[in-house]
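*Asks:* Position 212 of the sequence shown, counting from 1, maps to 212 under full-length UniProt numbering, and the rest follow consecutively. Backbone N, C-alpha and C define an ideal beta-carbon position, used for all residues, glycine too.
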Amino acid sequence: MNNNYHLPRKVGILYSDVKRKYFPTKMQYITERGAYSDAKIMAGYLKRMGISVALYPGNSKLPFLLKKGKPDMVINLVDSFKGNEFLASAVLGVLEMLEIPYTGAGLLGQSLNYNKFLIKKIFIQNGIPVPNYQLFNTSREPINSTLRFPLITKLNEIHGSVEITDDSVVESEGDLRKRLKYLIGTYQQSVLVEEYIVGTEVTAVLLEGFKKKVYLGEIVINDESDGKYKFKKFEYEWLEKYEGVIKYQKYQDKVLCEYVKKAFQILDMSDYGRFDIRIDSSGRYFFLDANTNPQLGPYNHDSPVGIVLNMYGVNFSEILRRILLNTTKQWS
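Have a look at this one:
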């Protein structure tokens with residue numbers, strides 16, 4: 001109990017229903033194949049807190065299962081529906097209709113999460129700094145004259161560092177066209193292209209309890225074989241052979257913390273969120289990405305949220321407790 005709010009007695013954990021056939025590439029599948037395992041790990045922590053737990057796959061059977069199970073609250077870990085990340089927010093419509101409280105962002109915030117281009121627009125309108133960027137719907141569109149190489153290419157609707165590899169950074173128009181053709185043709189979606197910012201990369205985690213608190217972690221990449229550009233690549237985050245390449249250390253910046261709080265608010269996030277930020281040699285901030293409902297797990301299971309918060313003495317049980325109490329407060 002905290003400020004007269006109680007933890008729920010029965011919690012449902014919603015997770016992505018993952019099948020290889022849903023995803024156009026093995027790379028994207030890898031980022032979600034552990035969804036059920038992650039949900040089971042979380043369930044173990046909740047049970048040790050005295051909470052009854054049920055696991056629910058995010059598929060077409062979900063409305064029936066929820067009506068039958070009647071959880072007091074659900075933790076929403078669904079990142080995709082049949083392999084489509086932008087359909088993940090449809091799960092929230094089910095929860096709203098059944099009037100079941102849920103953790104994380106609501107319909108608006110979760111929908112925004114899967115359009116990086118729109119997030120950039122919202123950031124600019126609200127004074128949150130971002131790199132110069134352009135959205136490409138085809139590989140033949142003219143390049144904006146304001147863009148300066150090197151550029152980095154990102155899928156507009158997919159997170160998890162999918163296709164963030166050495167090939168992502170391009171130094172010429174020819175390489176950019178080649179990369180755009182591959183990404184658009186393979187994933188059937190637009191590609192966000194932005195100027196590559198050299199500098200310090202910081203992961204910012206905002207965790208709500210009865211107040212918003214920001215935790216900053218500077219990323220340190222320990223890979224002597226790494227190429228010209230150092231950044232969080234897909235293989236560093238998801239392949240076992242690169243385990244331990246990415247390290248985090250505490251980072252202090254009060255001004256940046258205020259930017260993060262503002263970004264959290266304008267994107268209609270709730271409970272917790274994560275931001276990727278670059279700081280150049282002049283000390284200028286550039287918000288690269290925003291994640292509502294980012295991967296949530298204990299620090300020893302390679303969750304950036306869990307790792308950063310653990311550095312500041314916030315263990316996974318405490319994370320869950322704060323999120324559940326905050327959701328109880330918001331829905332009461």
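Cα separation between TRP238 and HIS301?
*Replies:* In a straight line, the C-alpha of TRP238 is about 11 Å away from that of HIS301.
*Asks:* Quickly, what does DSSP pair PHE275 with across the bridge? List them, please.
*Replies:* ALA204 and ALA290
*Asks:* Look at the Cβ atom of GLU171, then the Cβ atom of PRO150, and state whether they are nearer than 7 Å.
*Replies:* yes
*Asks:* How is THR165 classed by DSSP in three states: helix, strand or coil?
*Replies:* coil
*Asks:* Quick one: is ASN326 buried, meaning 16 or more other Cβ sit within 10 Å of its Cβ, or exposed?
*Replies:* So ASN326 ends up on the buried side.
*Asks:* How about the region 184-193 and the region 148-166: do they share at least three Cβ pairs that are nearer than 8 Å?
*Replies:* yes
*Asks:* Within this structure, are the beta carbons of TYR215 and TYR299 separated by less than 7 Å?
*Replies:* Taking C-beta atoms as the reference points, TYR215 and TYR299 fail to come closer than 7 Å.
*Asks:* Are LEU46 and VAL53 closer than 7 Å when you measure CB to CB?
*Replies:* yes
*Asks:* Label ASN137 either buried or exposed according to how many other C-beta atoms from any shown protein chain fall within 10 Å of its C-beta, with 16 as the threshold for buried.
*Replies:* exposed
*Asks:* In three-state DSSP terms, what is THR103?
*Replies:* Looking at THR103 - three-state DSSP - the assignment turns out to be coil, as it is neither helix nor strand.
*Asks:* Here's the rule: buried if 16 or more other CB atoms are within 10 angstroms of the residue's CB, otherwise exposed. What is GLU157?
*Replies:* buried
*Asks:* Taking the alpha carbon of ARG33 as the reference point, which residue from TYR285, PHE264 and LYS82 has its own alpha carbon closest?
*Replies:* The shortest Cα separation from ARG33 among TYR285, PHE264 and LYS82 belongs to LYS82.
*Asks:* Does the Cβ-Cβ distance between VAL94 and THR203 come in under 7 Å?
*Replies:* It is not a contact, given that the beta carbons lie outside the stated cut-off.
*Asks:* Would you call THR292 buried or exposed, if buried means 16 or more other Cβ atoms sit within 10 Å of its Cβ?
*Replies:* By the Cβ-count criterion, THR292 is buried, with 16 or more other Cβ atoms from all chains shown falling within 10 Å of its own Cβ.
*Asks:* Have a look at the DSSP bridge pairing and note the partners of TYR129.
*Replies:* Reading the sequence as shown, one finds Pro at residue 129 and not Tyr. Its beta-bridge partners do not exist; DSSP assigns none.
*Asks:* Locate the beta strand (DSSP E) running through MET73, then write down its first and last residues.
*Replies:* 73-77
*Asks:* Could you have a look at VAL18 and say whether DSSP puts it in helix, strand or coil?
*Replies:* Coil at VAL18, not helix or strand.
*Asks:* State the Cα-Cα distance for the pair ILE152 and GLY50, rounded to the nearest angstrom.
*Replies:* 46 Å
*Asks:* Looking at the structure shown, is VAL220 part of a helix, part of a strand, or coil, going by DSSP?
*Replies:* strand
*Asks:* Could you check the C-alpha separation between residue 386 and GLY217 for me, to the nearest Å?
*Replies:* Outside the shown range of the chain, which is 1 to 332, sits residue 386, and nothing can be said about it.
*Asks:* In whole angstroms, what separates the C-alpha of TYR114 from that of LEU192?
*Replies:* 12 Å
*Asks:* Ignore the nearest five residues each way along the sequence and tell me which others in TRP331's own chain have a CB closer than 7 Å to its CB.
*Replies:* PRO101
*Asks:* Look at the alpha carbon of LYS10 and the alpha carbon of ASN76, and state the distance between them as a whole number of angstroms.
*Replies:* Here the alpha carbons of ASN76 and LYS10 stand approximately 14 Å from one another.
*Asks:* Could you pull out every residue in the same chain whose Cβ sits closer than 8 Å to the Cβ of LYS212, ignoring the five residues on either side in sequence?
*Replies:* LEU206, LYS261 and PHE264
*Asks:* Looking at the secondary structure, which residues open and close the beta strand (DSSP E) in which GLN188 lies?
*Replies:* Looking at the DSSP string, GLN188 is not in any beta strand (DSSP E), and its letter there is neither H nor E.
*Asks:* What does a CB cutoff of less than 7 Å around ALA39 pick up in its chain, not counting 5 residues either side in sequence?
*Replies:* ILE13, TYR15, LEU55 and LEU77
*Asks:* Are the C-beta of TYR15 and some C-beta of chain C separated by less than 7 Å?
*Replies:* Any reference to chain C falls outside this structure, which holds one protein chain only.
*Asks:* Can you list, in chain order, the residues of its chain whose CB lies under 8 Å from that of residue 356, leaving out five sequence neighbours each side?
*Replies:* The structure shown does not extend to residue 356, since the chain is modelled only from 1 through 332, so no value can be given for it.
*Asks:* Going by beta carbon distance, what residues of the same chain come within less than 7 Å of THR31, once the five residues before and after it are set aside?
*Replies:* GLY160, VAL162 and TRP238
*Asks:* Is the region 268-284 touching the region 103-119, taking contact as three or more C-beta pairs under 8 Å?
*Replies:* yes
*Asks:* Which residue or residues does DSSP assign as beta-bridge partners of GLU194?
*Replies:* TYR133 and ILE152
*Asks:* Could you work out which residue in LEU147, GLU318 and LYS181 is closest to SER139 when comparing CA atoms only?
*Replies:* LYS181
*Asks:* What number of angstroms, rounded off, separates the C-alpha of ILE122 from the C-alpha of ARG278?
*Replies:* 18 Å
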